Structures are given as structure tokens and as C-alpha cells.
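Numbering (the working numbering), first residue to last: 202 to 295.
Where is the CB? At the ideal position from N, CA and C, for every residue including glycine.
Keep in mind that this is a model prediction, so the values were computed, not measured.
Taking it in order: structure first as C-alpha cells, then the write-up.
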Amino acid sequence: MYQAEPNWQHTLKQKRDMMMGSLHPHVGRTIRVTTVDGHTHEGVLMNVDGHHAYLHVTPHNQYHGQHRPLYTPAQYNQILTLVLFELLVIVLLS
Numbered sequence: 202m203y204q205a206e207p208n209w210q211h212t213l214k215q216k217r218d219m220m221m222g223s224l225h226p227h228v229g230r231t232i233r234v235t236t237v238d239g240h241t242h243e244g245v246l247m248n249v250d251g252h253h254a255y256l257h258v259t260p261h262n263q264y265h266g267q268h269r270p271l272y273t274p275a276q277y278n279q280i281l282t283l284v285l286f287e288l289l290v291i292v293l294l295s
């Protein structure tokens, strides 16, 4: 059904490593990220590994825009796992 172009894997790994290197020094700081699908999340960067960024989010800063979901107490202070190669924009806020 699908097979990636031969050089695509190499390029993807390079970009992922570059993003990890850019994010790692900012662990513990507040960032805002936008995914390739247009979702924006804001929170404290807790960790970065070879595949994911872990963002500590709270309901008041997780969503931007008109649609805000209702939250229960169990949903506060969550760690959101984001796939590195799906991040389009990363902004350092503090």
C-alpha cells in the first residue's frame, strides 16, 4: 500500500535528531508547540527522548482557540506525549 522514498528515512531521522537537540536544553521551561495538524499546546517541557517530547499541561493553557473542553479534577496536571516529527512550531515562552 505504501513505501517511503529511500532518502526519506534518512531525512526524517536527521530532522528528529535536530529537534531533540534543540529541545533538550530547554527541559523545565515553558513552551508552546503547534503540530502539523494545527493543534497548539502550551506547558512545561518535562523531558525529550529520541521520539517524543513530554509536556506538562494544565487545562487553562493546553488549548488555544474557541473550543475548550470541560475538565474534571482527574484531568489536571497531565503529561502530554508529543511525537517529535509531528511538531511544526516550537516557541520558548519563559
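Identify the continuous alpha helix (DSSP H) that holds residue i and give its terminal residues.
{"i": "Gln-215", "result": "209-224"}
Can you have a look at residue i and say buried or exposed, based on whether 16 or more other CB atoms are within 10 angstroms of its CB?
{"i": "Ala-205", "result": "exposed"}
{"i": "His-242", "result": "buried"}
In whole angstroms, what separates the C-alpha of residue i from that of residue j?
{"i": "His-253", "j": "Thr-282", "result": "6 Å"}
{"i": "Leu-256", "j": "Met-202", "result": "34 Å"}
{"i": "Trp-209", "j": "Leu-294", "result": "32 Å"}
{"i": "Met-247", "j": "Pro-226", "result": "11 Å"}
{"i": "Thr-259", "j": "Gln-279", "result": "7 Å"}
{"i": "Thr-231", "j": "Asp-250", "result": "17 Å"}
{"i": "Leu-213", "j": "Glu-287", "result": "11 Å"}
{"i": "Pro-207", "j": "Gln-215", "result": "14 Å"}
{"i": "Gly-229", "j": "Gly-239", "result": "24 Å"}
{"i": "Met-221", "j": "Val-237", "result": "17 Å"}
{"i": "His-211", "j": "Leu-224", "result": "20 Å"}
Hey, quick one: how far does the beta strand (DSSP E) through residue i stretch, first residue to last?
{"i": "Glu-243", "result": "241-249"}
{"i": "Thr-282", "result": "279-284"}
{"i": "Leu-256", "result": "253-258"}
Would you say residue i and residue j are within 8 Å of each other, going by their C-beta atoms?
{"i": "Leu-285", "j": "Arg-217", "result": "yes"}
{"i": "Val-234", "j": "Ile-291", "result": "yes"}
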